[in-house]
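Chains as they are written, first to last, in UniProt numbering: chain G, 1 to 242; chain U, 1 to 242; chain H, 1 to 242; chain V, 1 to 242; chain L, 1 to 242; chain A, 1 to 242.
Quick reminder that beta carbons are idealized off the backbone N, C-alpha and C, glycines included.
Small disclaimer: the values here were computed from a predicted structure and weren't measured.
Read through the structure below, which is laid out as structure tokens, and then see the notes.
There are 6 protein chains.
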Amino acid sequence: MSSFERSSARAADQLRPVRITRAYTAYAEGSVLIEFGNTKVLCTASVEEKVPGHKKGSGEGWVTAEYGMLPRATHTRSDREAARGKQSGRTQEIQRLIGRSLRAVFDLKKLGERTIHLDCDVIQADGGTRTASITGAFVAAQDAVNKLLADGKLKETPILGHVAAISVGIVQGTPLLDLEYIEDVGCDTDMNVVMTGAGHYVEVQGTAEGAAFSRKEMDALLLLAEKGISELVTLQQHSLLN
Amino acid sequence: MSSFERSSARAADQLRPVRITRAYTAYAEGSVLIEFGNTKVLCTASVEEKVPGHKKGSGEGWVTAEYGMLPRATHTRSDREAARGKQSGRTQEIQRLIGRSLRAVFDLKKLGERTIHLDCDVIQADGGTRTASITGAFVAAQDAVNKLLADGKLKETPILGHVAAISVGIVQGTPLLDLEYIEDVGCDTDMNVVMTGAGHYVEVQGTAEGAAFSRKEMDALLLLAEKGISELVTLQQHSLLN
Amino acid sequence: MSSFERSSARAADQLRPVRITRAYTAYAEGSVLIEFGNTKVLCTASVEEKVPGHKKGSGEGWVTAEYGMLPRATHTRSDREAARGKQSGRTQEIQRLIGRSLRAVFDLKKLGERTIHLDCDVIQADGGTRTASITGAFVAAQDAVNKLLADGKLKETPILGHVAAISVGIVQGTPLLDLEYIEDVGCDTDMNVVMTGAGHYVEVQGTAEGAAFSRKEMDALLLLAEKGISELVTLQQHSLLN
Amino acid sequence: MSSFERSSARAADQLRPVRITRAYTAYAEGSVLIEFGNTKVLCTASVEEKVPGHKKGSGEGWVTAEYGMLPRATHTRSDREAARGKQSGRTQEIQRLIGRSLRAVFDLKKLGERTIHLDCDVIQADGGTRTASITGAFVAAQDAVNKLLADGKLKETPILGHVAAISVGIVQGTPLLDLEYIEDVGCDTDMNVVMTGAGHYVEVQGTAEGAAFSRKEMDALLLLAEKGISELVTLQQHSLLN
Amino acid sequence: MSSFERSSARAADQLRPVRITRAYTAYAEGSVLIEFGNTKVLCTASVEEKVPGHKKGSGEGWVTAEYGMLPRATHTRSDREAARGKQSGRTQEIQRLIGRSLRAVFDLKKLGERTIHLDCDVIQADGGTRTASITGAFVAAQDAVNKLLADGKLKETPILGHVAAISVGIVQGTPLLDLEYIEDVGCDTDMNVVMTGAGHYVEVQGTAEGAAFSRKEMDALLLLAEKGISELVTLQQHSLLN
Amino acid sequence: MSSFERSSARAADQLRPVRITRAYTAYAEGSVLIEFGNTKVLCTASVEEKVPGHKKGSGEGWVTAEYGMLPRATHTRSDREAARGKQSGRTQEIQRLIGRSLRAVFDLKKLGERTIHLDCDVIQADGGTRTASITGAFVAAQDAVNKLLADGKLKETPILGHVAAISVGIVQGTPLLDLEYIEDVGCDTDMNVVMTGAGHYVEVQGTAEGAAFSRKEMDALLLLAEKGISELVTLQQHSLLN
């Protein structure tokens with residue numbers, strides 16, 4: 001197995017510097033800027049006191065997500081989805097993933113008939129925008145729930161535990177944690193893993209970009225992801241202490 | 001671990017009866033009706049002697065997929081996407097998955113500057129439509145490539161090996177192979193696995209529908225999937241012999 | 001008047017072999033595969049216990065149709081309407097025709113405030129897809145009504161009689177019944193006729209593709225259509241006996 | 001057969017007063033306001049020195065039509081199609097009919113690689129808007145062709161003869177020529193007939209709104225239509241003399 | 001300051017001939033054809049006995065406008081917005097301006113919970129279509145209100161005063177009133193001014209097309225506009241006397 | 001004239017604290033975060049080495065703008081335009097204004113056949129987002145032009161001078177500079193003014209929200225705006241020195 005030189009002399013199993021800034025904007029019930037190195041995503045949580053049609057009268061709430069990328073978040077400008085008149089398949093895939101991941105740690109009955117909208121908008125993209133979105137959206141959702149508790153609108157928290165996400169991949173034969181854009185482009189296998197604070201899987205999405213990957217390679221990747229997510233959960237916890 | 005009673009006394013690690021009918025319609029270069037029990041998908045492969053913009057002048061070809069469901073393929077009628085004016089996020093997610101899976105076994109350089117369109121249309125849906133689509137689309141693609149070889153348009157095959165897919169899941173604590181709709185609805189964890197004929201992974205997409213799942217559960221599911229896909233590849237091979 | 005050689009030595013006033021397969025799929029209240037030679041259309045009838053806005057509170061029901069063509073139903077692949085984001089003018093024209101034709105033999109008062117959706121999806125197209133759709137949709141609608149009667153949801157049938165449709169046209173000077181695609185492409189005049197079992201007209205749509213046509217030619221075409229539809233009604237009746 | 005009292009003491013086989021005003025607006029190559037009683041349609045013909053994709057390099061031209069209705073052309077305001085973001089099925093059906101009807105009297109080879117766009121916009125609607133559109137569009141097209149001849153862009157006319165259209169219908173058992181809105185709403189059978197100046201059929205579209213109609217009724221309607229169209233062609237000719 | 005020769009020897013501070021024709025079409029509650037020279041706009045006012053969502057239950061009414069241009073209102077044909085599937089930014093900007101301008105002279109409380117829809121459709125365009133629309137829409141709205149008063153649906157008028165609009169601009173250094181298309185194309189500064197009958201501003205929209213303009217130039221333009229609007233209000237008053 | 005108490009004891013003719021942060025994101029040729037108090041807009045300038053169709057082969061360049069608002073930039077969440085599938089009329093109006101304003105200080109010939117895309121995305125909205133966008137977009141455009149000059153792609157600057165914008169309005173009788181959201185909601189008259197560094201007008205858009213406004217009021221507003229813009233231009237200059 002050859003070895004791949006990462007930027008900033010990062011080790012293969014090392015996260016990029018992660019920064020979580022709460023209350024980044026003023027109006028949302030939860031507002032978090034999360035940075036994984038040069039990747040920066042603004043995650044807001046908005047509470048709406050009604051639910052979509054399929055939940056009306058159920059006594060249950062709903063948690064949903066939308067994802068967007070500013071046109072010049074990337075190296076070359078991409079079209080604005082609002083101007084093109086539709087969201088790409090990639091965008092929809094990502095926002096569905098974020099929504100499912102957050103719902104996995106919510107007891108919708110305890111949330112009551114209200115909706116938490118999670119908006120994840122990428123200010124700057126350098127790989128891992130979907131995993132940063134999930135990790136940041138959890139903190140924003142926690143802030144929104146804390147506000148509902150403080151306001152007496154909720155008696156007990158509907159949040160069952162932490163959820164966080166990281167990407168892993170095999171680049172030139174080396175399994176790496178938390179891929180940057182340049183690593184993502186050149187990788188053979190790319191896997192996004194979403195796990196709970198308790199160390200269980202919420203989502204595993206592995207894709208062979210080049211050659212198909214072996215069971216042994218998957219095992220190595222899952223191990224890396226587990227390490228990274230455990231660190232991210234600790235960072236979420238520290239961030240929420242302040 | 002409790003045990004779950006499957007329909008038709010099916011064993012937990014047993015595929016539904018699979019039928020692959022080639023040349024199901026007359027005009028497509030490849031046309032396959034694939035049945036996984038009551039799930040029936042028509043997969044056609046159409047060869048077009050040009051490529052999309054991002055491949056023009058590259059000397060490489062392209063393989064892409066579209067997916068659709070007839071409005072009454074399901075127990076209750078769903079809206080026709082053409083009438084609503086857009087494809088759902090679910091539809092786009094599935095057709096992107098089918099496209100990536102098939103490209104994983106294609107050498108696009110050897111295909112030359114032409115496109116193979118794979119259309120997977122669900123006639124009847126009883127769970128597993130995306131995995132049936134991938135498994136059937138491979139056979140349709142093989143037929144289309146054989147026609148290109150027979151017509152002298154290709155000198156050697158661009159197909160690197162088989163690809164097939166199966167769903168696995170945990171229902172009431174029991175890991176099951178090839179979920180029917182009723183099982184899919186009630187499952188805690190749902191995983192779609194795409195593998196090559198050589199036994200390597202092309203895609204792994206696991207989702208906790210209820211509780212998050214453990215590494216041990218994932219291992220059990222991957223084992224089941226491996227068994228199922230190995231059987232599907234054999235069925236593809238037999239089908240292509242005739 | 002010159003004479004035109006048809007495929008399979010078919011006579012000018014002869015229908016292609018017609019096959020009507022009921023219960024073709026499992027879930028719809030009516031599900032019919034109708035074949036006019038190589039043209040194959042799946043017609044399903046779905047009962048919905050509500051009506052569109054313009055019928056709400058009227059005590060009357062509604063019968064409506066949608067039409068689609070699988071992308072590779074035809075000799076060369078056509079774009080998927082769901083992917084393009086809209087139905088073509090041709091598609092809308094056809095589904096409006098199917099809807100009007102079926103409503104012509106329904107007593108909407110007797111149907112009660114419910115909707116019958118007729119979905120006509122072309123699996124393979126060799127000319128006459130709209131006439132096959134109407135002829136098959138009638139059988140599917142009958143099956144759905146029979147189910148409503150059997151379930152006690154209807155006391156008496158809202159169906160006033162049969163309806164069926166056929167195309168006729170003038171090819172190289174010869175009036176022909178039930179045009180195949182190759183005949184349709186080359187014809188001077190193309191007429192679609194929809195009639196009731198009692199031999200009255202529901203729709204007549206004649207179009208001069210090349211030269212305008214005379215009254216005498218129209219009379220010849222109407223005669224041919226009457227013969228064809230009478231045979232189709234008999235085939236519908238036989239099919240419904242089983 | 002009972003008898004129906006028409007407005008303004010009109011006879012059953014009598015057209016409403018028809019007025020054709022050429023050069024109604026200043027910029028179009030042909031611009032005609034046509035009035036059938038209270039129905040008023042502005043038909044413009046615009047010449048564009050290029051053709052759509054399917055005619056490029058063919059040496060042939062194209063004739064096409066678009067149809068629209070001002071929101072308050074009707075008794076109650078209808079939605080603006082541009083604001084709703086799509087044309088209705090009815091609109092598309094009508095503009096396809098107008099286009100086919102006009103192409104029936106054009107030799108596209110003689111037109112050369114240019115397009116004539118016919119825009120038919122209904123200023124006021126009292127039944128028969130599609131037949132007024134066709135009848136007026138012919139005059140606008142003739143004016144546009146005359147301008148091309150006068151400018152030396154065409155050596156000989158590509159127009160093969162007149163085309164005009166009228167509606168006929170059976171109201172309370174009486175066959176009537178040129179239905180007004182109130183008659184159209186209450187009619188059992190509605191037929192639009194498009195014929196050439198030479199008395200041949202270009203389009204016949206008959207629809208049973210209530211009961212299906214007999215061959216004898218159709219014959220009566222076709223006779224009425226023939227009379228009306230012959231009068232319209234005379235009016236077109238007189239209008240073009242000035 | 002050089003001087004610019006206007007068509008028809010028009011003075012720099014002179015309006016084009018303005019004609020206001022009421023009851024131009026038969027069905028709308030108000031229907032006005034307004035002509036500013038060769039610019040012709042049909043303005044209809046339609047009363048609907050309900051209000052949009054944001055006014056429901058408020059006891060207040062609503063006044064809104066839509067704007068359209070017939071495809072061949074202009075020198076060269078422009079695309080039909082209904083066919084393209086969306087209104088241009090320019091169209092939306094204009095219809096929002098018309099709506100705001102008319103609401104400025106309406107007491108929405110006195111209107112009661114009903115909507116007045118103003119449809120401004122350009123039949124022929126030679127500059128100034130938005131100012132003609134506002135000026136004509138006022139007369140149509142007045143007619144619709146008069147009808148509501150006559151029908152006893154309103155006890156007192158909700159109209160607070162006149163509103164009218166005109167364009168002014170600087171062409172080759174000369175400030176001009178009421179620009180024609182040819183002047184508009186070549187102008188350095190273009191300003192649309194909307195004023196009440198009492199001489200107050202409702203909207204001022206000035207744009208430097210070429211060089212930025214000075215305060216002195218703006219003052220000259222505002223003076224011209226004031227003169228023009230005062231004349232237009234007189235013309236509205238005369239028109240409403242008949 | 002009564003007096004209105006502003007937040008933070010701001011004087012009537014005082015700007016909110018303005019902050020201009022260049023190089024806010026890493027990839028764009030110009031990237032500016034501009035803050036007018038709590039209003040925060042990210043303005044990026046992206047250079048593309050091609051021009052839209054209407055400029056092809058002209059030797060001239062193009063400058064264009066797009067505007068967006070993050071869903072939770074505002075007090076209550078608004079729908080994401082990309083998800084709704086179209087940009088609102090307000091959005092289009094604003095981005096057209098930004099584009100025109102910036103083009104007013106560009107010599108498009110000197111820019112050469114390339115496009116500068118200005119993307120203005122509102123992170124947080126407290127009134128004045130369009131004027132902050134224009135003021136910030138100028139700085140981003142200047143940075144992008146400086147880069148083109150530094151890279152030798154331009155020999156001389158195509159920028160003719162500064163452009164900046166501010167809102168003014170009359171609140172409870174008092175003319176105020178730089179309205180906050182709460183002031184904007186309650187104001188009688190709202191005016192957005194765009195001026196060059198040389199003190200000439202590029203755009204003036206005044207709207208009577210409540211009562212129409214007098215010439216004297218307009219004069220007071222224009223004076224305020226002139227003062228504010230002169231201060232903004234100084235701030236732009238200081239920002240560009242660093």
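Note the first and the last residue of the continuous beta strand (DSSP E) segment covering residue i.
i               : result
N192 of chain H : 189-196
Q205 of chain A : 201-208
T39 of chain H  : 39-48
G89 of chain G  : Note, G89 of chain G: premise wrong, no beta strand (DSSP E); alpha helix (DSSP H) at 89-103.
A165 of chain H : 163-171
Applying the criterion that 16 or more other CB atoms from any shown protein chain within 10 Å of the CB defines a buried residue, is residue i buried or exposed?
i               : result
K40 of chain A  : buried
R103 of chain G : buried
V47 of chain U  : buried
P17 of chain G  : exposed
L31 of chain L  : Correcting the residue type first, residue 31 of chain L is Ser in the shown sequence and not Leu. Result: buried.
H238 of chain U : exposed
V185 of chain V : exposed
Would you mind telling me which residues of chain H sit closer than 7 Å to residue i, beta carbon to beta carbon, in chain order?
i               : result
S214 of chain V : H200
May I ask which residues mark the beginning and end of the alpha helix (DSSP H) holding residue i?
i               : result
F138 of chain A : 129-150
Q236 of chain U : 215-241
R84 of chain G  : 81-84
Could you name the residues of chain G that residue i contacts, counting a contact when the two beta carbons are closer than 8 Å?
i              : result
G86 of chain A : The question names Gly, but residue 86 of chain A in the sequence shown is Lys. Residues of chain G passing the Cβ test: A82, G85.
List the residues of chain V whose Cβ lies closer than 8 Å to the Cβ of residue i, in chain order.
i               : result
N192 of chain L : The premise fails here: N192 of chain L is roughly 22 Å from chain V at the closest Cβ pair, so nothing lies under 8 Å.
E93 of chain H  : G89, Q92, E93, R96
A12 of chain L  : Residues of chain V passing the Cβ test: none, with the nearest at roughly 24 Å.
Could you pull out every residue in the same chain whose Cβ sits closer than 6 Å to the Cβ of residue i, ignoring the five residues on either side in sequence?
i               : result
L221 of chain H : V168, P175, M191
T207 of chain H : D190
Using a C-beta to C-beta distance shorter than 9 Å, which residues of chain H count as neighbours of residue i?
i              : result
S46 of chain U : P71, R72, T76, R77
Which chain U residues sit within Cβ distance under 9 Å of residue i?
i               : result
H117 of chain H : P71, R72, R77
With a CB to CB cut of under 7 Å and the five nearest residues on each side skipped, what residues in its chain are close to residue i?
i               : result
E231 of chain U : L15
C187 of chain U : G169, I170, V171, L179, E209
A28 of chain H  : T44, A45, S46
A198 of chain A : G161
Taking DSSP's pairing of strands, which residues face residue i in a bridge?
i               : result
T21 of chain G  : G:L33
H117 of chain G : G:S46, G:T64
T174 of chain A : A:V171
Mind listing the chain A neighbours of residue i? Cutoff is C-beta to C-beta under 7 Å, in chain order.
i               : result
T207 of chain L : R100, E203
Could you name the residues of chain L that residue i contacts, counting a contact when the two beta carbons are closer than 7 Å?
i               : result
T196 of chain A : A212
Going by beta carbon distance, what residues of the same chain come within less than 8 Å of residue i, once the five residues before and after it are set aside?
i               : result
Y201 of chain U : V193, V194, M195
Mind pulling the chain A residues with CB within less than 8 Å of residue i?
i               : result
A104 of chain L : A208, A212
L42 of chain G  : L70, I123
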